Amino acid sequence: MRIGFIGLGNMGAPMAANLVTAGHAVTGFDTAAPMPAGVTPAASAAAAAAGAQVVITMLPNGAILRAVAAEVIPAMAPGAVLCDCSTVDVDSARAVAAEAAAAGLGALDAPVSGGVGGAAAGTLTFMVGGTETAFATVRPLFEAMGRKVVHCGAAGAGQAAKICNNMILGVTMIATCEAFALADKLGLDRQKMFDVVSTSSGSSWSMNAYCPAPGVGPQSPADNGYRPGFAAELMLKDLRLSQQAASAVDADTPMGELAARLYATFVEEEDGRGRDFSAMLPRFAKRPRG
Ligand code: NAD
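Letter by letter, the sequence shown follows residues 2 to 291 of this note's numbering.
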């Protein structure tokens with residue numbers, strides 16, 4: 002397929018590289034990042050989009066997505082599909098989908114989980130919102146960039162799934178970290194704590210697959226000095242998106258709200274920026290009851 006790829010940063014570059022490897026013709030544009038090998042550079046987002054059957058965007062936030070979409074939609078060929086893989090607010094995803102539909106284009110919101118490692122390995126999970134037709138067009142590309150793809154529903158459903166998942170993740174990571182810190186102060190060995198909880202009702206992905214305690218459980222960023230992995234500021238972004246969405250639809254999410262507040266403090270007032278989101282464990286471990 003002919004693909005336009007806009008936003009070739011930490012995630013976009015390896016995703017585009019996997020499309021090239023799968024034999025697709027990829028034309029790319031980024032305001033700052035260099036083009037990965039095999040991607041033809043374009044002079045603008047509109048130039049990358051012109052003539053493409055699918056335009057993929059992988060951008061920092063909803064405001065940038067809206068600006069890029071306003072530029073590329075008029076340049077896209079009739080019947081082409083605009084597929085945004087960024088994590089953005091549900092309202093921006095739906096607004097961009099409506100603009101694309103009004104211009105006779107398909108549109109998908111298809112945020113990912115799996116991080117930079119998953120993008121490089123081609124093992125991302127895609128959660129997708131949009132029409133059946135647009136989904137069928139882009140499906141082979143998802144399969145080239147990822148291992149699992151779920152069509153979640155209409156426009157915005159992919160972003161909804163993403164922020165709900167990451168709200169659970171933020172909350173369980175905090176719960177896991179504060180429990181480890183409590184266990185420390187109770188004199189319980191961290192390995193014993195892991196052995197019990199990972200096979201008991203307190204188990205979760207945060208404990209079992211991404212254990213925040215160094216030297217315990219499978220290899221994780223904790224074993225690498227809490228270098229990300231998934232940076233605390235990205236978790237904060239996703240938690241804020243969950244709270245923005247919760248406000249918009251009047252949903253009561255007290256745990257998500259508290260998790261957003263704790264990550265905001267960690268990132269903006271403490272030493273959390275640039276550290277993995279599991280570095281909440283050393284944060285709790287050194288704090289008194291507050
Ligand atoms: P990044 O900052 O590395 O990449 C974003 C790229 O967009 C940059 O290269 C930037 O130069 C480019 N860009 C910004 N404005 C542009 C414009 N107007 N036109 C063209 N290019 C522009 O970020 P990332 O880590 O690749 O993340 C991208 C998206 O994926 C974000 O929405 C993020 O929340 C989401 N995400 C990231 C991860 C992760 O682990 N990094 C995991 C899942 C989802």
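Yeah, the Cβ is synthetic: ideal placement off N, Cα and C, and Gly gets one too.
Bear in mind the structure is a predicted one, so any value in this text is a computation, not a measurement.
Under 8 Å between the Cβ atoms of Phe-285 and Ala-184?
Taking 8 Å as the Cβ cut-off, Phe-285 and Ala-184 do not qualify as a contacting pair.
Answer yes or no: do Ile-4 and Ala-81 have a C-beta to C-beta separation smaller than 8 Å?
no
Given 8 Å as the limit, is there contact between the segment 246-257 and the segment 269-279, that is, 3 or more CB pairs closer than that?
no
Three-state secondary structure (DSSP) of Met-281
helix
Quick one: any contact between the segment 137-154 and the segment 220-229, if contact means 3 or more CB pairs under 8 Å?
no
Going by beta carbon distance, what residues of the same chain come within less than 7 Å of Ala-162, once the five residues before and after it are set aside?
Met-128 and Cys-153
What does the alpha-carbon distance come out to for the pair Ala-103 and Ala-76?
14 Å
Does the distance from the CB of Ile-164 to the CB of Ser-243 come in under 8 Å?
yes
Cα-Cα separation, Gly-39 to Gly-8:
15 Å
Once you ignore the five residues that flank Ala-156 on each side, which residues in its own chain have a CB closer than 6 Å to its CB?
Arg-95, Ala-98, Gly-130 and Gly-131
Can you give the Cα-Cα distance for Thr-123 and Leu-187, rounded to whole angstroms?
Reading off the sequence shown, one finds Gly at residue 123, where the question assumed Thr. In a straight line, the C-alpha of Gly-123 is about 42 Å away from that of Leu-187.
For Cys-153, three-class secondary structure by DSSP
strand
Taking its Cβ as the centre, do 16 or more other Cβ atoms sit within 10 Å of Lys-238, making it buried, or is it exposed?
buried
Return the CA-CA distance between Ala-245 and Ala-260, expressed in angstroms with no decimal places.
Here residue 245 turns out to be Gln, not Ala, going by the sequence shown. For Gln-245 and Ala-260, the distance between alpha carbons rounds to 14 Å.
Nearest to Gly-116 by CA position, among Ser-45, His-25 and Met-146, is which residue?
The shortest Cα separation from Gly-116 among Ser-45, His-25 and Met-146 belongs to Met-146.
CB Ala-121 to CB Pro-15, shorter than 8 Å?
yes
Count the other CB atoms within 10 Å of the CB of Thr-32; is the residue buried (16 or more) or exposed (fewer)?
exposed
Of the choices Ala-101, Arg-262, Ala-44 and Lys-287, whose alpha-carbon is the least far from that of Leu-66?
Ala-101
When the Cα atoms are used, what is the spatial distance from Pro-283 to Arg-290?
Using only the alpha carbons, I get a separation of about 14 Å.
Between which residues of its own chain and Ala-265 is the CB-CB distance below 7 Å, once the five residues before and five after are set aside?
Leu-237
Closest by C-alpha distance to Phe-136, when choosing among Thr-126, Val-217, Ala-71 and Ala-108
Ala-108
Just to confirm my understanding: we take Val-27, look at its own chain, exclude 5 residues before and 5 after, and list those with CB closer than 6 Å. What are they?
Spatial neighbours of Val-27 in its own chain (CB-CB distance under 6 Å, excluding positions within 5 residues in sequence) are listed in chain order as Ile-4, Phe-6, Ala-17, Leu-20, Val-21 and Val-40.
Tell me Pro-42's beta-bridge partners as DSSP assigns them.
According to DSSP, residue pairing for Pro-42 in a beta bridge involves Gly-29.
Where DSSP assigns a beta bridge to Ser-207, which residues make up the other side?
The secondary-structure analysis by DSSP pairs Ser-207 with nothing; it has no beta-bridge partner.
In angstroms with no decimal places, state the Cα-to-Cα distance between Lys-149 and Leu-240.
23 Å
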